[in-house]
Amino acid sequence: MEIPVKIIPENLENLNSKLDCLINLYRVNIDWITGASKFNKTPVQKDVNYSKLIDELPKEKKNEYLNRLLQGELNLSIKFKKALNRKIENTDEKKYKNINLKELLKSVKENEVIRVRAEKEQAEFNRIKKLKEIGEKKDVILKEIDYHIDKGSGKSYDEALERIVALKELAIYENDVAAFKEWLDRLTKKVKNKPAMQKRIQSIEWQS
Numbered sequence: 002m003e004i005p006v007k008i009i010p011e012n013l014e015n016l017n018s019k020l021d022c023l024i025n026l027y028r029v030n031i032d033w034i035t036g037a038s039k040f041n042k043t044p045v046q047k048d049v050n051y052s053k054l055i056d057e058l059p060k061e062k063k064n065e066y067l068n069r070l071l072q073g074e075l076n077l078s079i080k081f082k083k084a085l086n087r088k089i090e091n092t093d094e095k096k097y098k099n100i101n102l103k104e105l106l107k108s109v110k111e112n113e114v115i116r117v118r119a120e121k122e123q124a125e126f127n128r129i130k131k132l133k134e135i136g137e138k139k140d141v142i143l144k145e146i147d148y149h150i151d152k153g154s155g156k157s158y159d160e161a162l163e164r165i166v167a168l169k170e171l172a173i174y175e176n177d178v179a180a181f182k183e184w185l186d187r188l189t190k191k192v193k194n195k196p197a198m199q200k201r202i203q204s205i206e207w208q209s
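The sequence shown begins at 2 in my numbering and counts up one residue at a time.
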């Protein structure tokens with residue numbers, strides 16, 4: 002099966018914000034858009050050499066327009082220009098070739114692989130960036146954990162748990178899990194009279 006390239010909208014690689022919203026709203030597969038865009042790039046606008054186009058016209062056609070001009074036909078210059086522009090379009094049309102559905106599917110798959118890889122790399126970059134930020138604020142986070150545990154509410158225990166998990170991820174990243182577990186054991190003993198908090202800490206160890 003072949004698909005005429007001309008039916009693929011131009012400028013797919015430069016969608017505006019409104020089209021982006023529609024794509025997200027209707028959950029259009031972005032890989033299809035990216036894959037199709039390579040087959041129909043927006044043509045580069047260039048100056049048209051009308052003198053050359055007129056020279057290329059058959060003699061009969063030139064005479065026809067001259068006669069119509071002498072007869073005072075209204076808007077002839079506009080009509081003539083449109084006719085020349087159609088000549089350009091017809092010439093450009095010949096440059097297009099149909100694409101095979103297999104080609105399109107291959108392009109879509111290639112773009113999917115590239116997108117997934119890029120998303121994974123970005124996610125890993127964001128994760129490491131966040132861990133480094135946690136490392137820079139480690140002393141503050143330790144104080145916040147004590148503060149939320151001392152508050153003694155379910156919500157504050159959850160806040161403490163969130164920070165403990167963050168420190169655990171940091172320990173894994175820094176290959177310092179042993180030291181983290183030692184600190185966690187001390188914290189578990191410290192909250193022995195707070196069973197709700199102790200239960201939360203034990204759940205972290207299972208995640209390890």
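The C-beta atom is built at its ideal place from N, Cα and C for all residues, glycine as well.
Nothing here was measured: the structure is a model prediction, and the numbers come from that model.
Quick check: the Cα distance between residue i and residue j, rounded to an integer number of angstroms?
i, j, result
"N1", "Q123", "With the chain covering only 2 through 209, there is no way to say anything about residue 1."
"K95", "L132", "Bear in mind that a pLDDT of 47 at K95, under 50, signals an unreliable position, so the model cannot answer this."
"K152", "I142", "15 Å"
"L71", "K63", "12 Å"
"E125", "I205", "22 Å"
"V192", "K121", "38 Å"
"G136", "K110", "39 Å"
"D147", "V178", "20 Å"
"R128", "E170", "10 Å"
"K60", "L67", "11 Å"
"F181", "K156", "24 Å"
"K144", "I150", "10 Å"
"K53", "R118", "50 Å"
"L105", "V114", "14 Å"
"Q199", "E134", "27 Å"
"V45", "A167", "In this predicted model, V45 has a pLDDT of only 46, less than 50, meaning its place in the structure is not dependable enough to derive any value."
Within the continuous alpha helix (DSSP H) that includes residue i, where are the two ends?
i, result
"L192", "Sequence check: residue 192 is Val here, not Leu. Element bounds for V192: n/a, residue is neither H nor E."
"L67", "60 to 71"
"S157", "155 to 174"
"E145", "139 to 152"
"L75", "Premise fails: L75 is in no alpha helix (DSSP H) and is neither H nor E."
With distances taken Cα to Cα, identify the nearest neighbour of residue i among the options.
i, options, result
"E57", "L85, K110, E74", "L85"
"W184", "R69, I165, Y174", "I165"
"R201", "N76, R87, A161, N176", "A161"
"R87", "A197, I55, A167", "I55"
"P196", "N76, K138, S154, I79", "S154"
"A172", "A119, Y51, N194, K139", "K139"
"E188", "Y174, R116, Y158", "A small correction: the amino acid at residue 188 is Leu; Glu does not occupy that position in the sequence shown. The shortest Cα separation from L188 among Y174, R116, Y158 belongs to Y158."
"K82", "S108, L106, N50, K103", "N50"
"E175", "K130, I79, V114", "K130"
* Asked: Which runs of the alpha helix (DSSP H) fall wholly inside the stretch 100 to 125 and span at least 4 residues, in chain order?
  -> none
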